[in-house]
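2 protein chains.
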Amino acid sequence: MSNVPPNGEWSERVGRLQEKLASAGMAGCLVTQNVGIYYFSGSMQAGYVFVPAVGEPTFYVRRSLVRALEESKIRTTELLSFRAFGEQLRADYPQSFPAAEAGERPLVGSDLDVMPAQLYLKLGEVVPGARIVDASTLLRTVRSVKSAYEIGRISEAAEVVAAALEEGLAALKSGMTELELMAIIELGTRRRGHIGLMRMRGYNQEIMTGIVSAGEAAAEPSYFDGPAGGRGLSPTSPKSVSRRPIGRDEPILLDLGCCIDGYVIDQTRTAVIGQLSPELEAAYRVSEAIIRQTERSLRPGATPEQLYVQALDAAAEAGLAGNFMGFGKDQVKFLGHGIGLEIDEWPVLARGFRDPLEPGMTLAVEPKFTFPGQGVVGIENTYLVTENGFRTLTKSPERLLAL
Amino acid sequence: MSNVPPNGEWSERVGRLQEKLASAGMAGCLVTQNVGIYYFSGSMQAGYVFVPAVGEPTFYVRRSLVRALEESKIRTTELLSFRAFGEQLRADYPQSFPAAEAGERPLVGSDLDVMPAQLYLKLGEVVPGARIVDASTLLRTVRSVKSAYEIGRISEAAEVVAAALEEGLAALKSGMTELELMAIIELGTRRRGHIGLMRMRGYNQEIMTGIVSAGEAAAEPSYFDGPAGGRGLSPTSPKSVSRRPIGRDEPILLDLGCCIDGYVIDQTRTAVIGQLSPELEAAYRVSEAIIRQTERSLRPGATPEQLYVQALDAAAEAGLAGNFMGFGKDQVKFLGHGIGLEIDEWPVLARGFRDPLEPGMTLAVEPKFTFPGQGVVGIENTYLVTENGFRTLTKSPERLLAL
Numbered sequence: 001m002s003n004v005p006p007n008g009e010w011s012e013r014v015g016r017l018q019e020k021l022a023s024a025g026m027a028g029c030l031v032t033q034n035v036g037i038y039y040f041s042g043s044m045q046a047g048y049v050f051v052p053a054v055g056e057p058t059f060y061v062r063r064s065l066v067r068a069l070e071e072s073k074i075r076t077t078e079l080l081s082f083r084a085f086g087e088q089l090r091a092d093y094p095q096s097f098p099a100a101e102a103g104e105r106p107l108v109g110s111d112l113d114v115m116p117a118q119l120y121l122k123l124g125e126v127v128p129g130a131r132i133v134d135a136s137t138l139l140r141t142v143r144s145v146k147s148a149y150e151i152g153r154i155s156e157a158a159e160v161v162a163a164a165l166e167e168g169l170a171a172l173k174s175g176m177t178e179l180e181l182m183a184i185i186e187l188g189t190r191r192r193g194h195i196g197l198m199r200m201r202g203y204n205q206e207i208m209t210g211i212v213s214a215g216e217a218a219a220e221p222s223y224f225d226g227p228a229g230g231r232g233l234s235p236t237s238p239k240s241v242s243r244r245p246i247g248r249d250e251p252i253l254l255d256l257g258c259c260i261d262g263y264v265i266d267q268t269r270t271a272v273i274g275q276l277s278p279e280l281e282a283a284y285r286v287s288e289a290i291i292r293q294t295e296r297s298l299r300p301g302a303t304p305e306q307l308y309v310q311a312l313d314a315a316a317e318a319g320l321a322g323n324f325m326g327f328g329k330d331q332v333k334f335l336g337h338g339i340g341l342e343i344d345e346w347p348v349l350a351r352g353f354r355d356p357l358e359p360g361m362t363l364a365v366e367p368k369f370t371f372p373g374q375g376v377v378g379i380e381n382t383y384l385v386t387e388n389g390f391r392t393l394t395k396s397p398e399r400l401l402a403l
Numbered sequence: 001m002s003n004v005p006p007n008g009e010w011s012e013r014v015g016r017l018q019e020k021l022a023s024a025g026m027a028g029c030l031v032t033q034n035v036g037i038y039y040f041s042g043s044m045q046a047g048y049v050f051v052p053a054v055g056e057p058t059f060y061v062r063r064s065l066v067r068a069l070e071e072s073k074i075r076t077t078e079l080l081s082f083r084a085f086g087e088q089l090r091a092d093y094p095q096s097f098p099a100a101e102a103g104e105r106p107l108v109g110s111d112l113d114v115m116p117a118q119l120y121l122k123l124g125e126v127v128p129g130a131r132i133v134d135a136s137t138l139l140r141t142v143r144s145v146k147s148a149y150e151i152g153r154i155s156e157a158a159e160v161v162a163a164a165l166e167e168g169l170a171a172l173k174s175g176m177t178e179l180e181l182m183a184i185i186e187l188g189t190r191r192r193g194h195i196g197l198m199r200m201r202g203y204n205q206e207i208m209t210g211i212v213s214a215g216e217a218a219a220e221p222s223y224f225d226g227p228a229g230g231r232g233l234s235p236t237s238p239k240s241v242s243r244r245p246i247g248r249d250e251p252i253l254l255d256l257g258c259c260i261d262g263y264v265i266d267q268t269r270t271a272v273i274g275q276l277s278p279e280l281e282a283a284y285r286v287s288e289a290i291i292r293q294t295e296r297s298l299r300p301g302a303t304p305e306q307l308y309v310q311a312l313d314a315a316a317e318a319g320l321a322g323n324f325m326g327f328g329k330d331q332v333k334f335l336g337h338g339i340g341l342e343i344d345e346w347p348v349l350a351r352g353f354r355d356p357l358e359p360g361m362t363l364a365v366e367p368k369f370t371f372p373g374q375g376v377v378g379i380e381n382t383y384l385v386t387e388n389g390f391r392t393l394t395k396s397p398e399r400l401l402a403l
């Protein structure tokens with residue numbers, strides 16, 4: 001699979017957004033976030049992309065125009081100044097941005113889930129003739145279905161993280177700290193082109209290469225919007241690795257990913273030096289059973305909510321409802337998530353997500369069980385929804401890694 | 001210097017914000033960003049910190065309450081639900097959040113430069129009795145003056161990056177790619193406790209460990225809000241390292257930092273395998289002269305604007321105005337920046353920053369020159385402003401590293 005996007009990639013993306021804009025009665029969409037700007041233009045330089053409901057989109061570039069002109073696949077022009085941006089939009093798209101006196105005020109969508117409030121308020125001043133409304137649902141829905149090019153990039157990220165995990169496992173020994181093990185795995189992903197972080201849309205959420213955490217440290221709860229947090233290095237980095245040495249006979253959570261050419265993979269394996277207690281081993285087997293059950297249902301037409309609810313039922317039947325996807329107040333209410341340019345894409349395998357799965361969606365499914373004082377066990381694969389079922393994108397062998 | 005904050009650290013921080021709130025006529029400040037939440041509470045769990053103009057602050061925690069209760073230095077309580085958050089605030093702080101019918105609508109500041117617009121709009125609905133206004137200027141001003149504890153953390157980060165740079169230089173050889181060199185330096189910072197990224201406040205800005213870039217690749221412009229960008233790995237990571245091999249006789253820009261216990265350091269050294277052309281070597285000497293000139297002025301009372309303007313003058317006198325801090329349209333309009341929990345703190349050494357420097361401010365000063373097709377040369381140190389002058393926090397020896 002080539003890592004150069006084919007002709008048509010960008011017009012296809014723009015076209016799918018335009019269909020949704022028309023259905024939603026929006027005159028267009030102003031995209032302000034770097035990831036969205038790249039998705040619709042092919043360039044991640046600083047500026048704004050405007051996609052009208054009908055017609056050609058434009059990338060207004062603040063910096064670097066030189067570079068955006070090389071990279072962008074859509075009409076690209078200089079953003080003259082923020083103050084003049086309203087006039088520039090009005091000249092280029094008079095139907096979306098009429099003069100304030102016109103009085104009709106068309107709806108213009110934007111990525112209000114990520115755009116800072118300060119920018120939102122300033123935009124309202126420069127385009128008084130339009131009403132800026134939240135289009136994040138539309139944007140996330142458009143991005144939830146991946147092209148062949150995008151699936152290729154996620155697959156490449158899967159190869160990279162699998163190779164780095166092998167290097168980490170080869171070096172793993174009792175007494176090594178979580179941080180030391182993670183540093184080896186990160187070296188492996190970085191050398192192969194990991195950009196250094198996995199982009200995450202959620203406010204205040206951060207993830208670089210995932211979580212390596214063992215024993216009771218892995219079971220420590222955290223702000224992080226995932227089933228496991230980890231102790232972390234300090235209150236200023238309160239998740240993932242700590243300086244705790246990894247011991248024998250405790251579960252080692254290896255929840256790892258990387259970002260290659262902008263696209264993210266996410267996978268989890270559980271390892272142990274020695275052997276797990278019967279209770280934890282049994283819970284690991286339940287996570288395997290849940291991921292197999294999920295695979296059997298994973299096809300177009302199934303709903304994310306159904307996948308989540310049947311996993312909850314399976315955990316409850318195994319007597320592990322209280323340990324599933326975190327513990328106590330710190331349980332998260334999902335089984336998995338869409339993945340692509342960001343790690344927290346749509347759909348979420350959670351209640352409320354009732355639109356059926358479609359071919360081209362990519363999902364990380366991560367049944368995990370938390371035992372305070374003991375650790376976290378579980379498994380996570382990234383899948384592609386196909387016409388008839390699914391394809392596993394994760395490349396690492398799937399087993400309890402007893403060393 | 002202990003890495004445990006002393007008693008009084010948090011009440012001092014809260015007190016300084018309260019003074020500013022009172023002067024600004026604000027009833028309080030709602031802090032929503034993870035870095036700000038940590039700054040005022042000692043914990044970075046998910047939730048909101050409210051600091052009233054008078055009285056005790058509260059940390060309302062969404063997740064993990066268990067962990068926030070262990071870490072937080074201020075009153076900490078569960079955030080019951082976002083819908084009920086308005087009532088919770090009204091009950092705890094009736095003067096800041098009166099019922100909507102009361103009609104007075106006190107001003108409540110918030111971090112609108114980072115808070116997503118969607119959250120801003122929802123907050124407006126749950127606290128109809130208050131007017132949420134931008135307090136980012138206040139928050140950034142309070143944070144610009146560091147405590148002894150904070151200076152200790154930045155100094156520790158300086159030790160870590162200096163050690164990692166030594167490891168990178170020991171491994172550097174002609175033909176190695178920028179990415180390979182960076183991976184070695186990152187391994188060095190990570191093993192010593194770098195959290196993996198340097199937090200940056202600016203929207204759409206990202207920096208993990210800095211920039212390693214050589215020759216013409218370093219001179220490629222980028223969206224990044226700094227004097228040098230670098231080619232990067234792809235249009236989805238369009239700055240810092242590329243897979244270009246590092247050659248002989250070209251400038252190697254080593255603009256590096258790390259984040260230890262939440263605090264960031266930032267420094268730049270220029271290296272060369274062989275020797276620089278006379279033109280680039282002369283420009284490097286001008287960057288040294290500008291940093292010496294800046295040091296002579298670096299004391300309480302000097303203004304950031306003065307430091308910037310005199311650097312501009314020095315660059316112009318050397319005939320390098322067009323190469324200073326980037327090239328052409330891609331020049332940035334500053335000489336340096338505050339640094340602490342974030343890499344882009346206040347004050348910025350730029351026009352418009354006319355409030356005099358104060359003891360306790362920490363500043364990265366980074367005179368650099370860009371030569372398209374040839375590379376970037378320059379130097380950067382992080383300084384503490386003291387009662388009588390400055391102290392250099394950067395630990396790496398300062399010279400043109402000819403290898």
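Protein chains in written order, with the UniProt record's numbering: chain E, 1 to 403; chain A, 1 to 403.
Ideal Cβ positions, reconstructed from N, Cα and C, are used throughout, including at glycine.
Computed from a predicted model, the values in this text were never measured in an experiment.
Item: Chain A contact for E/P6 (CB, 8 Å cutoff); Value: no
Item: Sequence-distant residues of the same chain with beta carbon closer than 8 Å to A/Y38, five excluded per side; Value: M44, G262, L341
Item: The segment 19-33 of chain A: positions lying closer than 7 Å to chain E by Cβ; Value: Q33
Item: Burial state of A/N381, where buried means 16 or more other Cβ atoms lie within 10 Å; Value: buried
Item: Assigned secondary structure, A/K395 (DSSP; H/G/I helix, E/B strand, else coil); Value: coil
Item: Enclosing beta strand (DSSP E) for E/V264 [first to last residue]; Value: 263-272
Item: For A/F50, three-class secondary structure by DSSP; Value: strand
Item: Meets three-Cβ-pair contact criterion under 8 Å: the segment 315-331 of chain E and the segment 282-291 of chain E; Value: yes
Item: Supposed contact pair A/G352 and A/T270 - C-beta distance, whole angstroms, cut 8 Å; Value: 29 Å between Cβ atoms; not a contact.
Item: Outcome for E/S234 when other beta-carbon atoms lying within 10 angstroms are tallied against a minimum of 16; Value: buried
Item: 8 Å Cβ shell around A/V108 - same chain, five flanking residues per side excluded; Value: M26, A27, G28, C29, L30, S96, F97, V127, A130, R131, I132, V133
Item: Residue burial classification, E/P278 (beta-carbon count within 10 angstroms, cutoff 16); Value: exposed
Item: 7 Å Cβ cut-off: residues of chain A touching E/A84; Value: In chain order: nothing, as chain A lies at least about 16 Å away.
Item: A/V332 versus A/D225 - alpha carbon distance; Value: 7 Å
Item: As assigned by DSSP and simplified to three states, the class of A/N323; Value: helix
Item: Residues of the segment 231-255 of chain A whose Cβ lies closer than 7 Å to any Cβ of chain E, in chain order; Value: L233, S234, P235, T236, S237, P238
Item: Neighbour flag for E/S155 against chain A, beta carbons, 8 Å; Value: no
Item: Proximal residues, the segment 52-70 of chain A versus chain E, C-beta separation under 7 Å; Value: R63, S64, L65, V66, R67
Item: Check whether E/V264 and E/M198 have beta carbons under 8 Å apart; Value: yes
Item: Residues of the segment 323-338 of chain A with Cβ closer than 7 Å to any Cβ of chain E, in chain order; Value: K329, D330
Item: Neighbour list for A/P116 in chain E, Cβ cutoff strictly below 8 Å; Value: L112, D113, V114, M115, P116, A117, Y203
Item: DSSP three-state assignment for A/L138, whether helix, strand or coil; Value: helix
Item: Chain-order list of residues whose beta-carbon lies under 7 Å from that of E/E104 (same chain, five-residue window excluded); Value: P98
Item: Chain E contact residues for A/R16, given Cβ-Cβ distances below 8 Å; Value: Simply none; closest approach about 20 Å.
Item: Runs of alpha helix (DSSP H) wholly within the segment 166-198 of chain A (minimum 4 residues, chain order); Value: 178-191
Item: Three-state secondary structure (DSSP) of E/R296; Value: helix
Item: Residues bridged to A/L401 [DSSP beta-bridge criterion]; Value: A/A271
Item: Cutoff 8 Å: A/A271 Cβ touching any chain E Cβ; Value: no
Item: Buried versus exposed call for E/L384 [16 or more other C-beta atoms within 10 Å across all chains shown]; Value: buried
Item: Rounded Cβ spacing between E/G230 and E/I211 (contact assumed at less than 8 Å); Value: 5 Å
Item: Proximity test, Cβ basis, 8 Å: A/G196 and chain E; Value: yes
Item: Euclidean distance between Cα positions of E/M1 and E/Y149; Value: Note on E/M1: pLDDT 45, under 50, position unreliable in the model; no value is reported.
Item: Beta carbon of A/L138 nearer than 8 Å to that of E/R191; Value: no
Item: 8 Å CB neighbourhood of E/M361 in its chain, flanking five on each side removed; Value: S144, V145, K146, G338, P347, L384, V385
Item: Coil, strand or helix - E/P347 by DSSP; Value: strand
Item: Residues bridged to E/S234 (per DSSP); Value: E/S237
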